[in-house]
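The block underneath contains the structure these notes are about, expressed in structure tokens.
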Amino acid sequence: MPNSGEPIQDAINLFAGNQIESAAHAFEGVLAAEPNHAVALHFLGLCKHRQRQQDAALALLLKSIELEPNRAAFHSNLGLFFAELNDLDRALDAYSKALRLDFNSAQTHTNLGNVLQKKGQNGKALESFQTALRINPEFSQAWNNLGSALATEGRTQEAIDAFEKALRLSPSLAEIHLNLGNLYLAEGNPDAALEKFQTAARLRPNYADALLGVARVLKNKDDSAAAVHQLRQVVQRAPSNAKAFLELGNVLRESGQFDEALACFENAAALDPTNLYAQWNACLALPIIYPNADAIQLHRHRWQRGVKKLLSFIEARASAGSRSWFSAPHTNFYLHYQGFNDLAEQRTYAKVISRLASQAYPEWSRPVAARPVAGRRIKVGFISAFFSLHTVFKLFHGWIKHLNPELFETHCFHLGKDFDKASRHVRDHVRDFFSNFRSNDQIIEQIRASELDVLIYPEIGMDPVTQSLAALRLAPVQCMAWGHPVTSGLETIDYFLSSELMEGPDADSHYSEKLIRLPHLSIFYPPPDISIAQKPEGLGEADKSKARFLCLQSLFKLLPQYDDLFPKIAAQAPESEFWFIGLDSRELTELFRTRLAEAFTKHGFDPGRHLRLFPKMKFGPFLGLIREADIILDSVGWSGGNTTLEAIAFDKPIVTLPGELMRSRHTYAILRRMGVEETVATDLEDYVKISARLASDKPWRSQIGAQIHASKDRVYNGYEAVKGLERFLANAMTK
91 MPNSGEPIQD AINLFAGNQI ESAAHAFEGV LAAEPNHAVA LHFLGLCKHR
141 QRQQDAALAL LLKSIELEPN RAAFHSNLGL FFAELNDLDR ALDAYSKALR
191 LDFNSAQTHT NLGNVLQKKG QNGKALESFQ TALRINPEFS QAWNNLGSAL
241 ATEGRTQEAI DAFEKALRLS PSLAEIHLNL GNLYLAEGNP DAALEKFQTA
291 ARLRPNYADA LLGVARVLKN KDDSAAAVHQ LRQVVQRAPS NAKAFLELGN
341 VLRESGQFDE ALACFENAAA LDPTNLYAQW NACLALPIIY PNADAIQLHR
391 HRWQRGVKKL LSFIEARASA GSRSWFSAPH TNFYLHYQGF NDLAEQRTYA
441 KVISRLASQA YPEWSRPVAA RPVAGRRIKV GFISAFFSLH TVFKLFHGWI
491 KHLNPELFET HCFHLGKDFD KASRHVRDHV RDFFSNFRSN DQIIEQIRAS
541 ELDVLIYPEI GMDPVTQSLA ALRLAPVQCM AWGHPVTSGL ETIDYFLSSE
591 LMEGPDADSH YSEKLIRLPH LSIFYPPPDI SIAQKPEGLG EADKSKARFL
641 CLQSLFKLLP QYDDLFPKIA AQAPESEFWF IGLDSRELTE LFRTRLAEAF
691 TKHGFDPGRH LRLFPKMKFG PFLGLIREAD IILDSVGWSG GNTTLEAIAF
741 DKPIVTLPGE LMRSRHTYAI LRRMGVEETV ATDLEDYVKI SARLASDKPW
791 RSQIGAQIHA SKDRVYNGYE AVKGLERFLA NAMTK
């Protein structure tokens with residue numbers, strides 16, 4: 091770069107040329123002659139920032155502002171400094187001062203919008219980007235960032251238009267292609283996404299985010315092996331990229347390679363110590379399928395240590411009013427399938443969720459005063475991400491549909507993306523149905539505007555946003571049901587709505603909430619339409635000489651300590667087959683198959699003769715598989731609920747072993763309600779004995795089926811349960 095003859099300009103030229111060390115020496119030379127040269131102090135501070143000497147950088151930047159407080163660029167650069175350190179509140183303050191001095195800086199408005207996005211204030215970020223574009227309509231960075239903000243709001247076409255405008259202005263800017271790729275992938279167009287990611291990678295070779303996008307497309311196309319291969323290449327090229335390790339860890343975990351996945355999460359956490367997602371996974375990630383019982387204990391203890399570590403991390407770093415950390419990366423769903431009473435763990439975990447929620451929305455973390463209900467209907471809200479064709483809808487839409495409209499005004503808040511015939515069914519039976527939320531702020535504002543008396547969460551523990559909302563106080567009375575049948579641990583949830591038949595005598599001690607035992611099964615569940623059952627593809631003709639056992643439960647419910655049950659049944663009923671339904675992940679399904687095959691081999695049986703895994707299937711073939719089976723085997727430790735209600739529609743005998751916890755007692759309660767308790771086992775040995783008898787004693791099997799047929803109407807259309815819910819709601823509002 092040519093010498094200008096002016097030392098300060100020469101130093102600035104070196105800085106602009108990214109010759110940071112030489113620039114720093116040059117600025118120091120200027121300051122040796124003139125110690126209070128504000129520009130030299132400021133740029134030297136920027137050099138120190140690039141050299142990761144942050145304390146020295148901040149001191150120099152502040153000194154330059156002290157000397158010349160009316161330079162807007164100084165305040166704007168200070169905002170960038172704080173933003174890069176994730177000190178978002180101080181960044182906002184610096185940008186605000188810069189804009190008071192120079193409101194017409196499109197760059198500063200854009201930088202301000204970036205920080206507002208990080209804080210979760212997407213609406214305000216949109217305003218900043220739009221202001222920047224009014225000042226400079228040709229500013230491609232502002233168009234690009236506007237596209238990101240619009241995508242966050244769910245305004246997909248507007249976001250695409252903004253990205254396309256940015257591309258027309260800067261067609262060689264790889265970040266814009268990347269953002270379009272991410273949007274296309276989120277909208278279910280992986281082919282268009284792949285083209286954009288590949289273009290971004292061509293424009294910027296070794297662009298890690300673009301290469302990660304290619305890997306996400308491969309994973310979306312169920313090619314986990316190719317995704318892992320792609321991600322391994324990324325971490326080799328960019329060994330300091332925390333995001334790459336996170337992506338690789340996620341794919342490895344879903345492929346059953348948990349030890350390596352955990353190492354990736356720990357690498358990501360070390361590389362980016364302020365990244366909540368990395369810390370969350372390093373502390374709380376769990377296997378989906380366990381190889382043996384010892385592994386359960388090992389990872390449970392690691393999780394127990396990790397949740398305390400994560401709480402300390404959040405308390406040390408999250409700032410009051412920051413909304414970027416409101417919704418956790420994921421729930422602790424898989425902890426609950428380890429087979430233990432999780433009350434203590436849930437209470438500790440709830441502190442993590444509550445701390446994030448209260449820091450994001452302190453105004454909604456305090457108790458809400460109840461309004462008098464005399465002379466008016468009680469306003470009841472139901473909130474879920476699963477008001478679509480999902481188990482949660484099947485179990486609990488009867489509450490929504492059948493609450494007495496003369497006594498209750500019902501509102502629904504659908505947080506999920508899916509909107510189908512089930513969603514329409516709910517919408518048609520409530521006063522207000524809200525969906526297509528663009529932000530957490532909008533959800534909260536809508537709930538509060540509805541002025542509910544009671545807010546009911548059909549499940550807490552399956553959806554991260556729902557879980558985080560439950561940690562706020564959005565209604566005077568807040569309840570959860572057993573869509574995910576584990577206590578929340580949250581102080582903001584007052585009642586757990588359960589079933590009198592599913593709970594044991596000491597069940598109150600399993601919940602942080604006050605336990606409410608609603609009548610019978612607690613739900614209004616209509617009989618399933620079995621006419622849509624279809625024979626699954628590839629099933630073949632039934633061998634009448636064999637007893638066909640079917641387990642309907644997800645494979646992660648089947649713990650390794652119970653694998654021996656199946657070959658033990660085969661020992662007493664040699665002419666038998668055991669059917670299971672695989673997971674979405676072929677690798678995890680194969681991991682389960684291998685584990686169970688080892689159990690059969692250990693007992694001297696050929697697993698190829700007795701064991702069969704079907705791919706995950708649609709509802710018609712799923713019902714068809716039930717119809718083709720002879721006997722249903724309930725999972726031990728976590729019982730079938732919805733699946734059992736579907737199975738008895740075909741009059742199928744079901745063997746179950748109830749435990750202490752409600753999650754192990756669904757099928758038991760259903761059989762008890764019908765008065766068909768002959769297939770309820772008292773222990774593992776009895777479970778094997780009953781199963782083997784059903785296989786070999788066909789008349790007894792038929793008798794059990796006939797009893798189910800005669801009494802199954804008692805488990806469907808539970809009007810008594812709805813009346814019990816109405817009594818509870820009325821009583822809750824008078825306390």
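Mapped onto my numbering, the consecutive letters of the sequence shown carry residue numbers 91 to 825.
Ideal Cβ placement from N, Cα and C applies to all residues, glycine included.
Ranked by how close their Cα comes to the Cα of Val304, the residues Ala332, Glu680, His267 have His267 in first place. In this model, Ser414 and Ala252 are separated by some 23 Å (Cα to Cα). Beyond the five residues adjoining it in sequence on each side, Gly808 comes within less than 8 Å, by CB distance, of Gly488, Pro609, His610, Leu611, Ser612, Ile613, Phe614, Tyr615 in the same chain, given in chain order.
Counting along the chain, Val544 sits inside the beta strand (DSSP E) bounded by residues 544–547.
Sequence-distant partners of Glu499 (beyond 5 residues in either direction) whose C-beta falls short of 8 Å from its own C-beta, in its chain, are Arg467, Ile468, Lys469, Val470, Arg521. Here Glu265 is buried. Its C-beta has 16 or more other C-beta atoms within 10 Å. Of the residues Glu217, Gly271, Glu453, Ile716, the one whose Cα lies closest to the Cα of Leu564 is Glu453.
Assigned with DSSP and collapsed to three states, Tyr367 falls in helix. In the DSSP assignment, Thr500 falls within the unbroken beta strand (DSSP E) covering 498–504. Restricting attention to Glu665, Pro125, Lys625, the CA atom closest to the CA of Lys634 is found in Glu665. Spatial neighbours of Ile716 in its own chain (CB-CB distance under 6 Å, excluding positions within 5 residues in sequence) are listed in chain order as Ala737, Phe740. Secondary structure of Ser218 (DSSP, three-state): helix. The continuous alpha helix (DSSP H) containing Cys137 extends over residues 128–140.
By the criterion of a C-beta distance shorter than 6 Å, Leu681 is surrounded in its chain by Gly346, Ile379, once the five residues flanking it on both sides are discounted. Assigned with DSSP and collapsed to three states, Ser588 falls in strand. With distances taken between CA atoms, Phe472 lies nearest to Phe523 out of Phe523, Pro159, Ser238, Arg456. Under DSSP, no beta-bridge partner is assigned to Arg791.
The three-state reading of DSSP puts Arg521 in coil, since its state is none of H, G, I, E or B.
Between the region 383–399 and the region 355–364, the count of C-beta pairs closer than 8 Å stays below three; the two stretches do not touch.
By a beta-carbon distance limit of 8 Å, Ser238 contacts Asn269. Their separation comes to about 6 Å.
With a threshold of 16 other beta carbon atoms within 10 Å, Ala811 meets it and is buried. Rounded to whole angstroms, the separation of the alpha carbons of His600 and His519 is 34 Å. Distance between Leu701 and Gly710, taken at the CA atoms: about 23 Å.
Contact annotation: the region 426–437 touches the region 574–581, with at least three C-beta pairs closer than 8 Å.
Out of Gln557, Met764, Ile155, Glu277, the CA that lies nearest to the CA of Phe423 is found in Gln557.
Leu206 places its beta carbon less than 8 Å from that of Ala215. Straight-line measurement puts the Cα of Glu156 at about 21 Å from the Cα of Leu175.
Annotation: the continuous beta strand (DSSP E) that includes Lys604 extends over 604–608. When secondary structure is reduced to three states using DSSP, Thr746 falls in the strand class. Sixteen is the threshold: when 16 or more other Cβ atoms of the shown chains lie within 10 Å of the Cβ of Gln643, as they do, the residue is buried. Exclusion of the five residues before and after Ala162 leaves Ala188, Leu191, Asp192 as the residues of its chain whose Cβ lies within less than 6 Å of its Cβ. Counting of Cβ neighbours within 10 angstroms places Gln211 among the buried residues, the total reaching 16 or more.
DSSP places Phe668 in the uninterrupted beta strand (DSSP E) bounded by 666–671. Within the model, the alpha-carbon separation for Gln624 versus Leu240 is close to 43 Å. Annotation for Gln568: no alpha helix (DSSP H) segment contains it, though the beta strand (DSSP E) segment containing it runs 567–570.
The C-alpha of Arg292 is placed about 51 Å away from the C-alpha of Ala571.
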